[in-house]
Amino acid sequence: MTDMNQIVGSHDILMVTLDTLRYDAAVLEEENCPNLCGGGHWEKRHTPGSFTYAAHHAFFGGFLPTPATTNKSEHIRLFHSRNTGLKTHPHTWLFDTPDIVSGLQAEGYRTICIGGVIFFTKKVPLAKVLPGYFQESYWRMTFGVTNPRSTEHQVNHALKLLERSSREERLFLFINVSAIHGPNHYFVPGAKQDSVQTQRAALRYVDGELGRLFEAFRRRQRPTFCMAFSDHGTAYGEDGYMGHRLAHEVVWNVPYREFIIRPEHEDRAGEESSPS
Ligand SMILES: [Zn+2]
């Protein structure tokens with residue numbers, strides 16, 4: 001069980017939204033995603049929003065996807081607004097700001113957004129709202145849904161920022177991965193339409209690129225607490241539905257994982273102190 005009061009302040013924090021990734025597609029690719037699933041399985045959760053804008057407002061308000069179970073009391077929230085009058089668990093980190101991003105900033109974190117899909121482009125006022133939560137936000141045409149190497153470009157940008165950051169700086173890095181969002185048919189040679197198969201291929205591509213990002217976090221001073229999840233799924237014709245921003249189980253079921261990325265200097269310290 002994650003105690004966020006032990007995490008905040010002592011760990012870098014990485015939040016990755018795998019935009020539009022369906023729960024079923026994620027589970028089918030677990031074995032092919034050593035970076036996202038090396039240490040465990042996807043958890044089935046329900047998203048608080050059926051499309052990017054709604055879901056991310058909820059996430060930044062501290063409302064992450066909730067376990068897809070009927071026992072609500074089992075779920076311990078990572079984040080909760082302070083002084084709401086509601087009873088909270090001792091492992092829940094309480095923030096006294098409008099959202100977790102400025103809450104982490106108040107704890108000394110540098111907050112960075114690397115955008116992906118249209119709501120992060122900053123091209124129109126509406127698309128500046130979500131990036132506006134962060135001290136720094138970045139979007140390039142090459143990070144967007146039409147670029148078949150978008151994750152590579154997003155990760156390269158993150159690596160550049162990490163290189164320039166001191167290892168001791170507290171970082172909250174958010175990345176909205178756009179590659180799994182449509183169009184994703186180009187991840188399967190010859191495919192003309194998006195499908196669960198092409199989304200699965202996109203996820204395999206994304207996992208490969210995220211490996212480089214996780215490695216870069218391993219070179220930092222602190223361990224990194226990573227949350228990786230989807231903001232919503234999408235329909236490929238199920239019951240006649242297409243796309244998202246609608247209520248269907250293929251949209252509201254999302255994959256969720258949280259894990260710690262240990263710094264490599266801790267591995268070395270462990271080896272040196274272990275008996276030979
Ligand atoms: Zn989305």
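Heads up: the sequence shown is residues 1 to 276, going by full-length UniProt numbering.
For every residue, glycine included, the Cβ atom is placed at its ideal position computed from N, Cα and C.
Quantities reported herein were computed from a predicted structural model and do not represent experimental measurements.
Is there at least one non-hydrogen atom of ligand 2 closer than 8 Å to the beta-carbon of residue i?
i: D207; result: Ligand 2 is absent from the structure shown, which contains only ligand 1.
Have a look at residue i and residue j and give me their C-alpha separation to the nearest angstrom.
i: P189; j: P263; result: 37 Å
i: G108; j: E31; result: 37 Å
i: D194; j: V250; result: 15 Å
i: L182; j: A216; result: A small fix is needed here, since residue 182 is Gly in this sequence, not Leu. Their backbone Cα atoms lie some 28 Å apart in a straight line.
i: V117; j: D231; result: 12 Å
i: Q154; j: V177; result: 8 Å
i: V254; j: T20; result: 9 Å
i: L213; j: S10; result: 20 Å
i: L162; j: R218; result: 11 Å
i: P78; j: E258; result: Looking at the sequence shown, residue 78 is not Pro but Leu. Taking the straight line joining both Cα atoms gives about 11 Å.
i: S150; j: T142; result: 6 Å
i: P98; j: K87; result: 19 Å
i: A191; j: Y241; result: 20 Å
i: D96; j: G103; result: 6 Å
i: G144; j: N184; result: 12 Å
Of the residues the options, which one's Cα is nearest the Cα of residue i?
i: R82; options: P34, L94, E74 and T52; result: L94
i: G211; options: E29, A26 and C37; result: C37
i: S73; options: R219, P183 and H89; result: H89
i: I13; options: H232, E249, A228 and Y236; result: A228
i: residue 362; options: K160, H91, D96 and I118; result: Outside the shown range of the chain, which is 1 to 276, sits residue 362, and nothing can be said about it.
i: G49; options: R218, F214 and T234; result: T234
i: T17; options: P65, G39, I100 and K160; result: P65
i: Y138; options: A54, G115 and N156; result: G115
i: R245; options: T52, R164 and F120; result: T52
i: F174; options: A25, Q199 and L159; result: L159
i: R140; options: V129, Y133 and K123; result: K123
i: residue 300; options: E169, Q135, A179 and E136; result: Outside the shown range of the chain, which is 1 to 276, sits residue 300, and nothing can be said about it.
i: F60; options: V101, P125 and I261; result: V101
i: P223; options: H185, D207 and I260; result: I260
i: N5; options: G243, I76 and E152; result: I76
i: Y256; options: T111, D239, C226 and N71; result: C226
Using three-state DSSP, classify residue i as helix, strand or coil.
i: V254; result: strand
i: G208; result: helix
i: R45; result: strand
i: L18; result: strand
i: E168; result: coil
i: D12; result: strand
i: Y23; result: helix
i: Y241; result: coil
i: M4; result: helix
i: L94; result: strand
i: G198; result: With the sequence shown as reference, residue 198 is identified as Thr, and Gly is not the correct amino acid for it. T198: helix per DSSP, three-state reduction.
i: H232; result: coil
i: F225; result: strand
i: F51; result: coil
Please give the ranges of any beta strand (DSSP E) in the segment 59 to 90, keeping only runs that are unbroken, at least 3 residues long and fully inside the region. Counting whole runs of 3 or more residues, the segment 59 to 90 contains the beta strand (DSSP E) stretches 79 to 81.
Whole runs of the alpha helix (DSSP H) within the segment 109 to 180, excluding any shorter than 4 residues: The qualifying runs are 150 to 164.
Quick one, what's near ligand 1 if you take every residue whose CB is closer than 5 Å to any heavy atom, in chain order? Those residues, listed in chain order, are D19, T52 and D231.
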